Amino acid sequence: MILPIYLYGQPVLREVAKDISADYPNLKELITNMFETMYNADGIGLAAPQIGLAIRLFVIDLEPLAEDNPKYTGFKKVFINPQIVEETGELVKMEEGCLSIPGINEIVERQEQIRIQYFDENFVSHDEVYNDFFARCIQHEYDHIEGKLFVDHISGIRKQLVKGKLNNMIKGKTNCHYKVKPVQSKN
Ligand code: NI
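Quick look at the structure:
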């Protein structure tokens, strides 16, 4: 089932999400719905707060990028109760976007390597190291469950420029091809 994606300004996007247990109601179905919602919006990552749930869960599927770069083949993962325990390496700049902030893309600086502990969809625990674009995607989704958004990382003149667009988004002035839940509706 395709769920509406909560847009910038929705309070749930600013909550620090809570851990869940293995008996969280309809977890399998929720994960399936999150992937379906993400694919429908042409995204490669989606966090639970983006569908209105302040729980520590996000999904990533980099398969759409595998056509141009085989290293992304089969990278489809579910992260439950994740904790980034270490961030290391150089600060790397790269453009990011977000399904909750459609139409805005900005350069974000992040450290190139992370170590993350999490449970997968079967509640098997993992302790893994990721770098480069894998790390960036995880860091972006991880921000969501910490109540942060990629626009928080922008500073100076760019922040001012983005502010106007974000204010319009709060007023419901957004065009996207997928189902959304803005703070105020257009009608
Ligand atoms: Ni996002």
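Under the numbering used here, the sequence shown has 10 at position 22, and the numbering climbs by one with no breaks.
Ideal placement from N, C-alpha and C gives every residue a C-beta, glycine not left out.
In this text, all values refer to a predicted model and were calculated from it rather than measured experimentally.
Query: Residue-level contact to chain C via CB, Glu3, 9 Å cutoff; Result: No chain C appears in this structure, which consists of one protein chain only.
Query: Neighbourhood of Gln(-2) by C-beta distance below 7 Å, restricted to the same chain and skipping five residues each side; Result: Lys169 and Val171
Query: Buried versus exposed, by CB contacts within 10 Å (16 or more), Ala10; Result: exposed
Query: His165, buried or exposed, once every other Cβ within 10 Å from all chains shown has been counted against 16; Result: exposed
Query: Within the stretch 88 to 167, ranges of the alpha helix (DSSP H) (whole runs, at least 4 residues); Result: 120 to 133 and 144 to 158
Query: Alpha helix (DSSP H) segment containing Glu24, residue limits; Result: Leu15 to Asn28
Query: CB contact flag (Gln127, Ile72, <9 Å); Result: yes
Query: Neighbourhood of Lys161 by C-beta distance below 7 Å, restricted to the same chain and skipping five residues each side; Result: none
Query: Check whether Leu1 and Ser88 have beta carbons under 9 Å apart; Result: yes
Query: Coil, strand or helix - Gln(-2) by DSSP; Result: coil
Query: Alpha carbon of Pro(-8) to alpha carbon of Val150, nearest angstrom; Result: 23 Å
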